[in-house]
């Protein structure tokens with residue numbers, strides 16, 4: 023079958039329409055002649071008249087269809103022209119985009135070169151500072167090390183322990199309190215911590231090893247200061263995922279501290295906790311749990327059962343138990359930590375909010391959806407009241423607006439104003455996480471309308487930690503108003 027182009031089809035269509043128009047005119051003329059004869063004689067319409075009228079009707083419909091096809095053809099031609107125009111514009115934009123990418127690559131290369139220069143200058147400055155400090159070490163009045171009284175002062179003041187870490191969020195906090203470090207090594211110690219916190223382990227590790235060698239030469243391997251440096255180096259190794267080396271150093275530091283400071287010293291608790299965190303990172307939760315419990319017992323004995331450090335240790339222990347599925351213990355530890363933080367810092371403290379979030383997650387793992395939902399609502403209500411005052415019918419937190427939508431009580435004008443005012447609250451990472459979790463919980467409970475409101479406020483599902491922009495919030499509110 024021969025293929026025709028669109029233009030050829032249109033030419034034939036117009037030609038056919040002219041033929042049809044001629045036929046229509048001829049049939050109409052014939053019909054008029056027959057009709058005049060029938061009207062004159064007063065006789066009914068003959069069959070030929072009816073046949074002509076039927077032909078004329080079909081011809082007119084065919085002409086109408088042809089007109090529609092011509093209109094469609096014109097529309098397609100206009101669309102094709104617009105398509106070609108957009109393609110040309112797209113090619114131009116691609117060309118401009120390529121040029122912009124090249125410019126960006128050049129600027130990035132220049133930026134990297136400047137960064138290399140800055141790092142080199144910083145390294146030179148630090149080397150000069152270190153050389154200047156090392157020149158002071160040879161002074162006769164700073165050559166000795168402090169005696170054993172320092173350990174006793176530490177036991178009373180609490181300054182003799184490393185600052186351990188909960189590590190619940192996976193971050194490594196290498197900020198460590200000075201454990202009566204000798205004056206001539208304090209600068210070196212601070213440099214190790216600075217480099218480690220910046221992730222410059224290739225500098226931090228040799229400096230730490232140098233400090234260890236210096237301490238071993240002057241005080242011997244079995245000294246509390248050596249234990250402190252071992253603990254620091256272990257944390258650096260842990261951040262490099264060298265878990266085996268870190269565990270060996272922490273166990274050695276634990277033995278030294280227990281021997282010199284006693285089994286119930288805060289520094290021993292700090293080492294036990296760091297060792298438990300290390301085992302937790304390796305998935306050895308059963309081995310980590312007794313270490314964490316012993317650290318908790320020491321802190322309760324030394325600091326009291328209601329000290330914030332005890333709550334911190336309870337959070338660590340709850341996390342280890344959660345990974346083992348011991349949810350009854352998880353709830354007990356989180357509840358106790360929550361009570362301590364609330365009493366010590368008040369209900370609005372960030373530690374209280376984070377502990378509530380952890381407890382709600384534990385509830386979710388046990389399918390205790392009502393308890394988890396109540397905690398999430400409590401967190402959001404507290405954040406709303408801190409920002410905008412007491413909850414009223416005109417001042418509702420986001421979860422109340424979501425449930426109004428679910429229950430068919432959605433007030434577009436009130437919701438628009440309330441949700442717009444809620445935007446600053448969503449900028450908190452903890453609140454944003456709570457919103458996402460509550461949205462997922464609503465979906466699990468079948469509250470899809472409420473989940474939609476929550477998810478649009480927290481960010482679209484599937485995106486990582488995305489907070490809604492004011493523009494998108496405005497568009498979304500207007501869309502809801504039109505429902």
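Numbering (our numbering), first residue to last: 23 to 505.
Glycine is no exception: its CB is placed at the ideal position from the N, C-alpha and C atoms.
Since this is a predicted model, take the numbers as computed values, not measurements.
- Residue 472 is positioned such that its CB atom lies closer than 8 Å to that of residue 427.
- Taking C-beta atoms under 8 Å as the contact rule, residue 330 and residue 363 qualify, at a distance of about 7 Å.
- Following the DSSP letters along the chain, one finds residue 257 inside the alpha helix (DSSP H) bounded by residues 246-261.
- In the DSSP annotation of this structure, the continuous segment of the alpha helix (DSSP H) that includes residue 408 starts and ends at 391-410.
- Rounded to whole angstroms, the Cβ separation of residue 379 and residue 455 is 7 Å, and the two are in contact under 8 Å.
- Here residue 301 is near residue 310, since their CB atoms are less than 8 Å apart.
- With contacts defined by Cβ atoms closer than 8 Å, residue 42 and residue 84 form a contacting pair.
- The segment 313-326 makes no contact with the segment 267-274: fewer than 3 CB pairs, one atom from each, lie closer than 8 Å.
- In the structure shown, residue 338 falls within a helical segment according to DSSP collapsed to helix, strand and coil.
- Ranked by Cα distance from residue 225, the options 148, 288 and 249 are led by 148.
- Beta-bridge annotation (DSSP): residue 57 is not paired with any residue.
- Comparing alpha-carbon positions, the option among 365, 361, 337 and 366 lying closest to residue 352 turns out to be 337.
- The continuous alpha helix (DSSP H) containing residue 351 extends over residues 349-367.
- In the three-state DSSP reduction, residue 417 falls in the strand class (E or B).
- Taking 8 Å as the cut-off, the Cβ atoms of residue 286 and residue 324 count as close.
- Distance between residue 415 and residue 399, taken at the CA atoms: about 16 Å.
- CA-to-CA, the gap between residue 146 and residue 139 works out to about 11 Å.
- One thing to note: residue 303 has its Cβ no nearer than 8 Å to the Cβ of residue 355.
- Residue 383: member of the alpha helix (DSSP H) spanning 372-387, first to last residue.
- Excluding its 5 nearest sequence neighbours in each direction, residue 98 has C-beta neighbours in its own chain below 8 Å: 28, listed in chain order.
- Taking a C-beta distance under 8 Å as the contact criterion, residue 246 and residue 278 qualify as a contact pair.
- DSSP places residue 325 inside the alpha helix (DSSP H), whose first and last residues are 307-325.
- In this structure, DSSP gives residue 221 a state outside helix and strand, which the three-state scheme calls coil.
- Note on geometry: alpha-carbon atoms of residue 418 and residue 464 lie some 18 Å from one another.
- The C-beta of residue 381 has 16 or more other C-beta atoms within 10 Å across all chains shown, which makes the residue buried.
- Inter-residue distance for residue 220 and residue 255 is about 15 Å (C-alpha atoms, whole angstroms).
- The C-beta of residue 281 has fewer than 16 other C-beta atoms within 10 Å across all chains shown, which makes the residue exposed.
- For residue 463, the uninterrupted alpha helix (DSSP H) segment begins and ends at 451-466.
- The alpha-carbon of residue 244 is positioned some 15 Å away from that of residue 233.
- Ranked by how close their Cα comes to the Cα of residue 478, the residues 142, 460 and 133 have 460 in first place.
- Around residue 248, the same chain offers 237 as residues with beta carbons nearer than 6 Å, after the five sequence neighbours per side are excluded.
- DSSP places residue 431 in no alpha helix (DSSP H); its state is neither H nor E.
- Residue 393 and residue 120 have their alpha carbons spaced roughly 54 Å apart.
- Each residue's CA atom was taken as its position, placing residue 475 and residue 453 some 15 Å apart.
- Distances from the alpha-carbon of residue 469 to those of 424, 396 and 457 put 424 closest.
- DSSP places residue 286 outside both helix and strand once states are collapsed to three, so it counts as coil.
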